[in-house]
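Undergrad:
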Amino acid sequence: MKRSSSHRLVSHGRIAAAGCIVLLMLVAGVWSSWNTAHHVVLSKGREHGTMTVTGCGETACAGSYVPDRDSPQRARVTIVKSVAAEKGDRFPVVVKPGTGEVVRTGTAGFLHAWVPFGGALLLSALLIAGGLRMPRAAWGTAAAGAALLTATFLAL
């Protein structure tokens with residue numbers, strides 16, 4: 001049976017719309033992750049040290065900071081509250097330039113910074129499967145997102 005031109009137009013429109021939404025979701029995930037990840041990935045020349053959590057509030061945890069050899073001393077630093085930060089925890093950090101806020105470094109910090117991108121991968125897999133009708137690509141995208149989130153959970 002031959003398809004009508006209107007049916008083909010609707011089909012191509014659906015594919016284009018779903019592709020644009022998938023692309024938008026993935027770009028938003030990378031953008032959101034890069035806000036924190038660039039401090040971890042491009043940490044050369046920044047202040048490095050170790051943070052010991054002394055207490056947590058609603059949105060942030062605060063603690064003492066012991067700098068590495070070339071970093072200046074700071075009395076207190078803060079980090080965005082995470083399920084993995086509890087009183088007494090110690091972990092390596094890098095200081096955001098011009099602030100007293102730190103970001104966790106190392107493998108756990110790297111993976112934690114990319115959590116929004118992992119969520120975007122999982123959500124976009126649904127659109128890839130349903131909107132673009134590409135089940136193999138959707139399974140691969142979902143597996144990559146799930147692997148990133150699982151690795152982050154295990155690392156923290």
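Residue numbers (the working numbering): 1 to 156. Even glycine gets a Cβ: it sits at the ideal position worked out from N, Cα and C. All of these numbers come straight from a predicted model, not from anything done at the bench.
1) Does the beta-carbon distance from Thr99 to Lys81 come in below 7 Å?
2) Contact defined as beta carbons within less than 8 Å: I believe Ala146 pairs with Leu122. What is the distance between those atoms, to the nearest angstrom?
3) Taking 6 Å as the line, does the beta carbon of Ala84 fall inside it for any heavy atom of the ligand ZN?
4) Contact check, Ala28 vs Ala120 under 8 Å by CB: the rounded distance?
5) Would you report the Cα separation of Ala129 and Val115, rounded to the nearest angstrom?
6) Taking its Cβ as the centre, do 16 or more other Cβ atoms sit within 10 Å of Thr107, making it buried, or is it exposed?
7) Would you mind sorting Cys61 into buried or exposed? The rule is 16 or more other CB atoms within 10 Å of its CB.
8) With a cut-off of 8 Å, do at least 3 Cβ pairs link the segment 87-99 to the segment 30-46?
9) On a CA-only basis, which of His112, Thr105, Ser4 is nearest Ser33? Give me that one, please.
10) From Asp89, Ser71, Arg14, pick the residue whose C-alpha is nearest to that of Met51; which is it?
TA: This is what the structure gives:
1) For this step, residue 99 is matched to residue 99 along the sequence shown. For this step, residue 81 is matched to residue 81 along the sequence shown. In this structure, Lys81 does not lie closer than 7 Å to Thr99 by Cβ.
2) To locate residue 146, count along the sequence shown from 1; it is residue 146. To locate residue 122, count along the sequence shown from 1; it is residue 122. The Cβ separation is near 7 Å, so the contact holds.
3) The ligand ZN is not part of the structure shown, which contains no ligands of any sort.
4) The residue given as residue 28 occupies position 28 in the sequence shown. The residue given as residue 120 occupies position 120 in the sequence shown. The pair is a contact, with the Cβ atoms about 6 Å apart (cut-off 8 Å).
5) If you number the sequence shown from 1, residue 129 lands on position 129. If you number the sequence shown from 1, residue 115 lands on position 115. Approximately 22 Å between the Cα atoms of the pair.
6) The residue given as residue 107 occupies position 107 in the sequence shown. By the 10 Å Cβ count, Thr107 comes out exposed.
7) On the sequence shown, residue 61 is found 61 positions in, with the first residue counted as 1. Its Cβ being crowded by 16 or more others within 10 Å, Cys61 is buried.
8) Segment contact: the segment 87-99 against the segment 30-46, three or more CB-CB distances shorter than 8 Å; contact assigned.
9) What you label residue 33 is simply residue 33 of the sequence shown in a count that begins at 1. Checking every option, the nearest Cα to that of Ser33 belongs to His112.
10) As a first step, residue 51 must be located in the sequence shown, where it is residue number 51. The shortest Cα separation from Met51 among Asp89, Ser71, Arg14 belongs to Asp89.
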